[in-house]
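Visitor: This structure is in structure tokens; I'll ask about it shortly.
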Ligand code: ATP
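Residue numbers (my numbering): 4 to 225.
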């Protein structure tokens, strides 16, 4: 289904979103103050327009009200990002996603009505840090301030043991929600399932519990 999107700010983050949405066949209105950026995106997005998103009249003239989802990817200029978000909220845009530059910016964006605040540098930093701690930690996704999902390879402490043997819920307070084997995914695996090499566990839990689970079962001591 084709949907209409607008991406405001075509830096690395906004530019990448604009490219991917366009590649998926979506209608994208790309907006940036910078003429060079607009030149770069004029053959990628459905429409690419030089405009200042802090100018409400300009946004109205661009027909922003008819767009389902607006992504505000202005990073450095926090004031412009906040002002743009306020204008979009006032105009009643259905869905607004905004890139936050820091925690303070994120707090304000949540207060003024952004539907979804993303913090790509911080989130990617966390994911990479977990992967640096252990090659067995494949991915790390924050669900809330204190809960996450982690994707881990069954390491030497787990292979050959069943989920009952490991009793991850009782011992670490986290839940194994699925196990991936090659391209298969076994959702809610049975307790008797014995872990094999190359199995990937998807584990959900409170950050403090996941941290214990990682330290005791995932990180190999060599
Ligand atoms: P990234 O890390 O994703 O490259 P960034 O966090 O460095 O981006 P900026 O370079 O500050 O983000 O801004 C991204 C883009 O937003 C720039 O191309 C800039 O021209 C554009 N921009 C900034 N203010 C506005 C505005 N008021 N209206 C439209 N575009 C704007």
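Idealized CB from N, CA, C, for every residue including glycine.
Could you pull the start and end residues of the alpha helix (DSSP H) that residue 128 belongs to?
Guide: Unbroken alpha helix (DSSP H) run through residue 128: 123 to 136.
Visitor: Compare the C-alpha of residue 43 against each of 64, 17, 56 and name the closest.
Guide: Ranking 64, 17, 56 by Cα distance to residue 43 puts 17 first.
Visitor: What residue does the beta strand (DSSP E) around residue 30 start on, and which one ends it?
Guide: Its beta strand (DSSP E) spans residues 30 to 35.
Visitor: Starting from residue 107, follow the alpha helix (DSSP H) in both directions and report where the run begins and ends.
Guide: Its alpha helix (DSSP H) spans residues 106 to 114.
Visitor: Using only the heavy atoms of the ligand ATP, determine whether one of them is closer than 7 Å to the beta carbon of residue 79.
Guide: Correct: residue 79 has its Cβ closer than 7 Å to the ligand ATP.
Visitor: Using DSSP bridges, identify the partner residues of residue 143.
Guide: Paired residues: 153.
Visitor: Taking DSSP as the reference, what is the three-state secondary structure of residue 216?
Guide: Three-state result, residue 216: helix.
Visitor: Residue 78 to residue 162, Cα distance in whole Å?
Guide: Approximately 44 Å, taken between the alpha carbons.
Visitor: With a threshold of 7 Å, establish whether the CB of residue 218 neighbours any heavy atom of the ligand ATP.
Guide: No - the ligand ATP has no heavy atom lying nearer than 7 Å to the Cβ of residue 218.
Visitor: Measure the Cβ-Cβ separation of residue 221 and residue 96 and say whether it is below 8 Å.
Guide: For residue 221 and residue 96, no; Cβs fall outside 8 Å.
Visitor: Contact between the stretch 110 to 121 and the stretch 170 to 185 is defined here as three or more beta-carbon pairs at a separation below 8 Å; is this criterion met?
Guide: No contact exists between the stretch 110 to 121 and the stretch 170 to 185.
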